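> In this note's numbering, the protein residues as written are 2 to 182.
Take a look at this one; I'll ask things after.
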Ligand SMILES: CC(C)(COP(=O)(O)OP(=O)(O)OC[C@H]1O[C@@H](n2cnc3c(N)ncnc32)[C@H](O)[C@@H]1OP(=O)(O)O)[C@@H](O)C(=O)NCCC(=O)NCCS
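Right, dumping it as structure tokens:
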């Protein structure tokens, strides 16, 4: 793997973290890292979240990695975070193909250590290098930490969609975040 495809840093707990491009071989570890309860839900591999592991794996293994980004953060060779950057509308609409939609998820024990922020930084560089002009993310209004992390990376709030997500009997508003590159 080229040097520019890997980022190493020391997390807030002193552990060495490796952020790197991921692929088909990482599917199982990514799936177990992003599997979580609905209130904590993130948009990693968004439309496939919650479906069967086999279908997520199939999707990862068929991704075009020139147009889509998949990153993992590993501590001691174990995946502790994943970021997906999916080209808008699957790249099928020329009008929106300049947009990369970001989903980010860190396992509970590794949150608040700077890993999400570093992964986001990595994805911004990658998007620029691959010719994208805009990043977008959808974040629940209740997810203050995530809003803070994306804002600090230069995303701005573009609007709020009300009752956008239903979880059981609860409806959650969602903030549209965007960063023009
Ligand atoms: C949101 C998430 C990706 C952030 O990654 P992370 O590695 O935990 O974030 P970092 O450690 O890089 O940064 C955390 C920042 O949030 C701040 N923060 C923590 N809790 C907060 C809160 N309740 N409100 C506001 N800011 C908060 C921290 O102070 C820190 O900011 P600082 O560095 O300016 O002090 C991660 O917590 C996560 O996976 N959450 C669950 C899934 C999710 O929400 N995904 C995002 C939607 S796509």
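Each residue gets a CB set at the ideal place from its N, CA and C atoms; glycine is no exception.
Owing to the predicted nature of the structure, the values given are computational and were not obtained by experimental measurement.
Taking all protein chains shown into account, do 16 or more other C-beta atoms lie within 10 angstroms of the C-beta of residue 159, making it buried, or fewer, making it exposed?
So residue 159 counts as exposed.
> Closest by CA to residue 142, which one among 85, 175, 104?
That would be 175, whose Cα lies nearest to the Cα of residue 142.
> Compare the Cα-Cα distances from residue 150 to each of 128, 170, 20, 119 and report the closest residue.
Comparing Cα-Cα distances from residue 150 to each of 128, 170, 20, 119, the minimum goes to 119.
> How is the alpha helix (DSSP H) around residue 146 delimited, first residue to last?
Looking at the DSSP string, the run of the alpha helix (DSSP H) that includes residue 146 is 145-153.
> Using a Cβ-based criterion (distance less than 7 Å to any ligand heavy atom), does residue 116 qualify as near ligand 1?
Flag set: Cβ of residue 116 near ligand 1.
> What residue from 29, 138, 170 has the CA that sits closest to residue 87's CA?
Ranking the options by Cα distance to residue 87, first place goes to 138.
> Taking the continuous alpha helix (DSSP H) assigned at residue 128, which residues delimit it?
Unbroken alpha helix (DSSP H) run through residue 128: 116-130.
> Would you check whether ligand 1 has a heavy atom nearer than 7 Å to the C-beta of residue 112?
Yes, Cβ of residue 112 sits closer than 7 Å to a heavy atom of ligand 1.
> Please state if the CB of residue 117 and the CB of residue 105 are separated by a distance shorter than 8 Å.
Yes; because the gap between Cβ atoms is below 8 Å, this pair is in contact.
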